[in-house]
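For the sequence shown, position 251 matches number 251 in the UniProt record's numbering, and the numbering has no gaps at all. Contents: one structure, followed by commentary.
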Amino acid sequence: MSRLVLFAAAVMALAAPAHAQVLTVDLKPLAAAPAERQATAVLKGGAICAKQGPLTGAEIGRAFTTGQADASLREELSKAGVMVNGAGFAAVGVAGAARISQLDACLPNYGFASMDAISGKVEVAVDWTLTDRATGAEIGQLSTRELVERKGGSGGLAGLVNEALAANARSLAANPALRAAAARPLLASARPEPSPPRDPALLVLPPWRQSTQKAPLAVAAPLIVESDLDMIDNLDQSEHFAVPLEAGETLRLEVLETGSKIAMVVANPGNRYIAGTHPRNPERQLSATAKTAGTYVVSAWTSGDPPVTPYRLKIDTDRRPYQAWTPPPRPPAPATGPSVLATQEQVASKPPVTAPAKPVQPAPQPQPHARPQPPAPLAPLPKLVPPPGVLAAEIGKPVNRPAGKVGAAVDLFAFIGEAGSVLQVTSGAAGAGGLSVTLYTPEGDRMLDADGVDNTGLSAILPKDGVYLLSVGRQNAARPYRLNLAAERPDIFQWSFRENAGYEILGPDGKPAYWTCWAAPGSALTYVRPGGREATLRVSAGGDGHWDLADAPDYSFTTALTGGVFIRTSSTGKLETWSIRDEKTTGAYRGYFCP
């Protein structure tokens, strides 16, 4: 029986009207899951099936790339009434990543050819990702898992795997989530009417939160960004923002306030220039129309004096009626009579004008036991406009989900998270029944999950700034529940320590230089290099920390931040420095906890 991994119940409301009975999908070529996720234990070799060692993950992956897998999937989907037509009016794209989760077979030889005999059983699991072809947004994820057993016969390992894949295709075609998504119309031809205009949200960027062209800050229109362009690295002052657009949607930018000339550039999802203002004499407004759906990057930059340039940038689209920004009215100037040129004699005959005496202000008196003023509150995170089928959630604001129909269901939530913050998730209510919660990275990889009865929750340190997904599964959707999200923001040293935890960090050659995992979440982060060398880093609030090294003496250190540069001083007197804007290119997400 297939298991629903990630699906929003709200997608059912997007189904096509009753007269639209055709189910159409755009089926992508099947991919093999990473080698480390493949089961490799298999008996092979010789008529007596003596074990000659496990197959490699690459060898297992060959079973999914023989050319028969895609044909088998198309055939089974068509038999179940799901047409595969990527070039037509398919509203949903389906991509699968397959893995062998269980393998117990006797192979006289390697068993990949069609004439090879095989006996045994194989279990294949497929993770399916559903995307909207009009917007590129992910609708949800499904998982199927099927076991096939055979006693004798030809076909080899690939033939046995294809039988299991066909069973997975039948389970997928019968899944109500897929059928609901495949029945709805293409969003490009069923675009909703524009909603009434609304005031844009205000996003104030703290000075140390920088964005780069490789890692732009994700925002949602309409929005007013208030920030400073600075020259920390002595390069052009610039900031970059990622804005999701639909095909045909027009992006509208306007510089509202600035102390210098700010140029704007818009790049498409392929990082190609599509529009920009003149760099020397830039206009304050810029428009660009998206030809395809995707994430477009807006760059605001200036160079030269002054070293710090404050500005306010409005990011809007024609999804809502555009509202031109008008500055507040200036106070009226004092009324004066007509200008009269005075002669030298008239000026000499007038008495001298003396400046009025300034009132004497009393000297400030020291206040006994004066308390320091509390720091200004941090700027709120921008409002999130989730894609269809996904519910918006916000840290600090509970979400009450009403009772639905009897049966199992899953709600999918999207929320904006900050790198380094400690997220607390609680879900449930009295009598809510069985619940499960799963947290996903901005790329869609599973981070953590938890389950319980009536109430459940989890705690996680977020590795990146971005939009995270959270699924809440209910054993009985007829019972309501409440979802609460809370987060503790890090200081600058904790942010630098926790950022990208769990990800591969790629070197200049594009290969993983190292990856990290939590040995003790929040306090001990383990660094693993491809050669197997490990080291553990501990950093507390304020910058104090300790390195536990496998091939060198351990040492403690302190950290300071001066002029946008971290300075780490070890107990041996050695200095280590890096810029707050140093970029790390991340690869695959390896997991939250260390294995």
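Glycine included, every Cβ here is placed at the ideal spot set by N, Cα and C.
Is it right to say residue i is buried, meaning 16 or more other beta carbons lie within 10 angstroms of its own, or is it exposed?
i, result
"residue 477", "buried"
"residue 596", "This structure does not reach residue 596, given that the chain is present from 1 up to 595, and the question cannot be answered."
"residue 195", "For residue 195, the predicted model reports a pLDDT of 43, less than 50, meaning its position is unreliable and no value from the coordinates is stated."
"residue 273", "exposed"
"residue 575", "exposed"
"residue 400", "exposed"
"residue 128", "buried"
"residue 375", "Note that residue 375 has pLDDT 49, beneath the 50 cutoff, so the model's placement of it is unreliable and the number below is only indicative. Looking at its Cβ environment, which holds fewer than 16 other Cβ atoms inside 10 Å, residue 375 is exposed."
"residue 6", "Unreliable positioning characterises residue 6 in this predicted model, as indicated by a pLDDT of 33, which lies under 50. A coordinate reading is not provided."
"residue 278", "exposed"
"residue 131", "buried"
"residue 237", "buried"
"residue 162", "buried"
"residue 572", "exposed"
"residue 44", "Per-residue confidence for residue 44 stands at a pLDDT of 45, beneath the threshold of 50, marking its modelled position as unreliable; the derived number appears in the next sentence. Answer is buried; the Cβ neighbour count reaches 16."
"residue 579", "exposed"
"residue 78", "exposed"
"residue 280", "exposed"
"residue 568", "buried"
"residue 76", "buried"
"residue 413", "buried"
"residue 593", "exposed"
"residue 34", "exposed"
Under 9 Å, do residue i and residue j count as touching if we go by C-beta distance?
i, j, result
"residue 467", "residue 490", "no"
"residue 645", "residue 149", "With the chain covering only 1 through 595, there is no way to say anything about residue 645."
"residue 253", "residue 298", "yes"
"residue 448", "residue 439", "yes"
"residue 124", "residue 168", "yes"
"residue 577", "residue 505", "no"
"residue 508", "residue 135", "no"
"residue 310", "residue 228", "yes"
"residue 105", "residue 30", "no"
"residue 70", "residue 23", "no"
"residue 538", "residue 524", "yes"
"residue 393", "residue 483", "yes"
"residue 292", "residue 268", "yes"
"residue 290", "residue 247", "yes"
"residue 126", "residue 81", "no"
"residue 308", "residue 286", "no"
"residue 423", "residue 520", "no"
"residue 461", "residue 396", "no"
"residue 245", "residue 294", "yes"
"residue 98", "residue 32", "yes"
"residue 479", "residue 433", "yes"
Quick check on the DSSP output: the beta strand (DSSP E) that includes residue i runs from which residue to which?
i, result
"residue 312", "308-317"
"residue 593", "Taken as a continuous stretch (DSSP letters only), residue 593 belongs to no beta strand (DSSP E), as it is neither H nor E."
"residue 237", "237-245"
"residue 488", "481-488"
"residue 81", "Residue 81 -> no beta strand (DSSP E), and no H or E assigned at all."
"residue 528", "524-528"
"residue 406", "Note, residue 406: premise wrong, no beta strand (DSSP E); not H, not E."
"residue 285", "285-289"
"residue 470", "466-474"
"residue 295", "294-302"
"residue 255", "250-258"
"residue 457", "455-461"
"residue 504", "503-506"
"residue 445", "Note, residue 445: premise wrong, no beta strand (DSSP E); not H, not E."
"residue 26", "23-27"
"residue 262", "From DSSP, residue 262 is part of no beta strand (DSSP E); its letter is neither H nor E."
"residue 398", "First-last for residue 398: undefined, no H or E at that position."
"residue 274", "273-276"
"residue 512", "512-520"
Just curious, the alpha helix (DSSP H) that residue i is in, first and last residue?
i, result
"residue 596", "In the structure displayed, the chain extends from 1 to 595; residue 596 sits before or after that span and is not available."
"residue 496", "492-498"
Q: Within the region 133-165, note down every full beta strand (DSSP E) run reaching 3 residues or more, in order along the chain.
A: 138-150
Q. Between the region 471-485 and the region 495-515, are three or more C-beta pairs nearer than 8 Å?
A. no
Q: Count the CB pairs spanning the region 486-506 and the region 540-559 that are closer than 8 Å, and state whether there are at least three.
A: Contact between the region 486-506 and the region 540-559 is present, because at least three Cβ pairs lie under 8 Å.
Q. With a cut-off of 8 Å, do at least 3 Cβ pairs link the region 412-429 to the region 451-462?
A. yes
Q: Only counting runs of 3 or more residues, tell me where the beta strand (DSSP E) segments fall wholly within the region 537-588, in order along the chain.
A: Listed in chain order, the complete beta strand (DSSP E) runs (minimum 3 residues) inside the region 537-588 are 545-549, 555-562, 565-570, 575-579.
Q: Note down, one range per segment and in chain order, each beta strand (DSSP E) of at least 3 residues found wholly within the region 417-442.
A: 422-428, 434-440
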